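Using mature numbering (1 follows the signal peptide of the UniProt record, and there is no 0), the letters of the sequence shown map in sequence onto residues -26 to -1, 1 to 179. Please read the structure below before turning to the comments.
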Amino acid sequence: MFASLPHPVSSLILFFLVASPMLSIASPVPDLTVATPPTPVALVPRQNQPSTRLGRRAPKKVAPLEKKDYSSFLCPASAVACPVSEPDTPVSPESIAALSEGLNSLADWFTTGFECVDLATELNQCGGCLAFGEGQDCSTIPNARATGCEASSCAVYSCYDGYTVSPDRQTCVKKDTNPAAPQATPVAIGTPTEQVVLSDRSSSL
């Protein structure tokens, strides 16, 4: 078979046939076995710890809701809406709380009833609404014959016999037999800018 081939070609073929077994022995055979993966490292869960940032967070302060003032919707600018209470009904902390909780809308005010009051001059609700436990009824000052409301404070103008107006004009005090004792000067009744109340007993004096 090699006789018909040129000599150099036949020599190369012969060399290849002889060298092939030797080359296969000399070359390393790759390891076809599957490599074992490394053992995974066990994960240790982290202990739960309170956040320092959360610990320093101050609680939010919730401001209490303020009652809406409906006076601007119910009365003129200089007046305040005061609830109308039942006659001879004593005012107590319980009645004030119940009244305040029941006045949450305009409809509640109309259901309860109200009057527009100038707290600076109103004789019977001087300085505040009596139904809310505020102000004073100047007509009920003991032994006072004539009273009025000035700048949201009661003022006594005159008193019945045996009593005199106190120096601060807030009450009636018994007359002192000592003529040197200071006494308030009675105020003239009927001043157009002041409200005055006269007791029915004054007509008999």
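Using N, Cα and C, we set each Cβ at its ideal position, and we do this for glycine too. All figures in this text were calculated on a predicted structure; none of them were measured in a lab.
Taking contact to mean at least 3 C-beta pairs separated by less than 8 Å, is the segment 90 to 106 in contact with the segment 45 to 63? yes
Any chance you could list the beta strand (DSSP E) runs of at least 3 consecutive residues sitting entirely within the segment 71 to 112, in chain order? 88 to 91
Comparing alpha-carbon positions, which option in S126, T85, E75 and G87 lies nearest N98? S126
Look at T63 and G76 and say whether their C-beta atoms are less than 8 Å apart. no
I'd like to confirm the pairing. Which residues does DSSP put opposite T138 in its beta bridges? Its beta-bridge partners are V147.
Starting from L48, trace the alpha helix (DSSP H) both ways and give me its first and last residue. First-last of the alpha helix (DSSP H) with L48: S45 to L48.
Kindly indicate which three-state DSSP category R20 falls into: helix, strand or coil? coil
Whole angstroms is fine: what's the gap from D82's alpha carbon to S113's? 29 Å
DSSP three-state label for P57, please. Three-state DSSP puts P57 in a strand.
F106: which of F47, C56 and Y44 sits nearest, CA to CA? C56
Closest by CA to residue 213, which one among A71, N22, S(-16) and L48? Only positions -26 to 179 of the chain appear in this structure, which leaves residue 213 out of reach.
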